[in-house]
Amino acid sequence: MDRRDLLTIGEVARRSGLTPSALRYYEARALITSTRTAGDRRRYQRAVLRRVAVIRAAQRVGLSLDDIGAAFADVPVEAAPTRAQWARMSARWRPVIDQRIADLEKVRDELDGCIGCGCLSLQHCRLYNPDDVLADEGAGSRRLFPDDSDPQP
Numbered sequence: 015m016d017r018r019d020l021l022t023i024g025e026v027a028r029r030s031g032l033t034p035s036a037l038r039y040y041e042a043r044a045l046i047t048s049t050r051t052a053g054d055r056r057r058y059q060r061a062v063l064r065r066v067a068v069i070r071a072a073q074r075v076g077l078s079l080d081d082i083g084a085a086f087a088d089v090p091v092e093a094a095p096t097r098a099q100w101a102r103m104s105a106r107w108r109p110v111i112d113q114r115i116a117d118l119e120k121v122r123d124e125l126d127g128c129i130g131c132g133c134l135s136l137q138h139c140r141l142y143n144p145d146d147v148l149a150d151e152g153a154g155s156r157r158l159f160p161d162d163s164d165p166q167p
């Protein structure tokens with residue numbers, strides 16, 4: 015491989031919009047990889063820019079680094095996903111994203127009324143959650159997300 019095909023951590027940081035510490039963290043999580051120079055400086059293959067773009071896009075829609083790492087399991091750590099690999103990754107994420115969208119729409123649509131664990135008004139709460147009976151079911155938004163008080167996977 016030609017040395018000109020390798021990027022310094024500063025170059026990757028500038029081009030990706032991430033801090034060097036974020037890149038080192040992704041590397042520690044085995045989401046990206048680098049090689050080392052004789053002086054122990056990190057060098058990244060250009061494919062890392064595509065991987066970082068995928069990671070950032072996935073995080074932006076709320077996927078965890080664990081989810082992202084699992085999706086990258088079939089992609090060699092030094093490579094960007096191929097079209098087929100990307101199709102598998104995005105198909106795997108689609109149900110999670112669809113559920114997140116449904117949860118967000120539900121919150122948006124119910125903002126002017128009950129927020130789930132009662133409501134935004136104690137007076138109104140007496141109608142929908144008398145004597146705070148939903149507290150016995152657990153913490154969180156019991157009506158908004160009845161199966162799970164935490165809407166995140």
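Residues are numbered in the working numbering as their position in the sequence shown, beginning at 1, plus a constant of 14.
Every residue, glycine too, gets a C-beta built ideally from N, C-alpha and C.
What you are looking at is a predicted structure, and each value in this text was computed from that prediction instead of being measured.
Compare the C-alpha of residue i against each of the options and name the closest.
i	options	result
Arg65	Arg106, Leu32, Ala105	Leu32
Arg56	Pro109, Trp107, Leu21, Met103	Leu21
Asp19	Trp100, Val62, Asp54	Val62
Met103	Gly83, Ile115, Ala116, Val121	Gly83
Ala67	Ser35, Ala27, Thr51	Ala27
Between residue i and residue j, which are expected to be in contact by the criterion C-beta below 8 angstroms, what is the C-beta distance as a whole number of angstroms?
i	j	result
Val75	Ile23	With a Cβ gap of about 26 angstroms, Val75 and Ile23 do not count as contacting.
Leu1	Arg43	There is simply no residue 1 to check, as the chain begins at 15 and stops at 167 in what is shown.
Do residue j and residue i have their beta-carbon atoms positioned less than 8 angstroms apart in this structure?
i	j	result
Leu37	Ile69	no
Glu92	Gln59	yes
Val89	Gln73	no
Glu41	Ser30	no
Arg106	Ala85	yes
Answer with buried or exposed for residue i, where buried requires no fewer than 16 other C-beta atoms within 10 angstroms of its C-beta.
i	result
Arg97	exposed
Gln137	Low per-residue confidence applies at Gln137: pLDDT is 46, beneath 50, and the placement is therefore not dependable, though the value from the model is reported in the following sentence. Exposed, since its Cβ has fewer than 16 Cβ neighbours within 10 Å.
Pro95	buried
Open item on the list: Please give the ranges of any beta strand (DSSP E) in the stretch 71-129, keeping only runs that are unbroken, at least 3 residues long and fully inside the region.
Closed with: You should have found no qualifying run.
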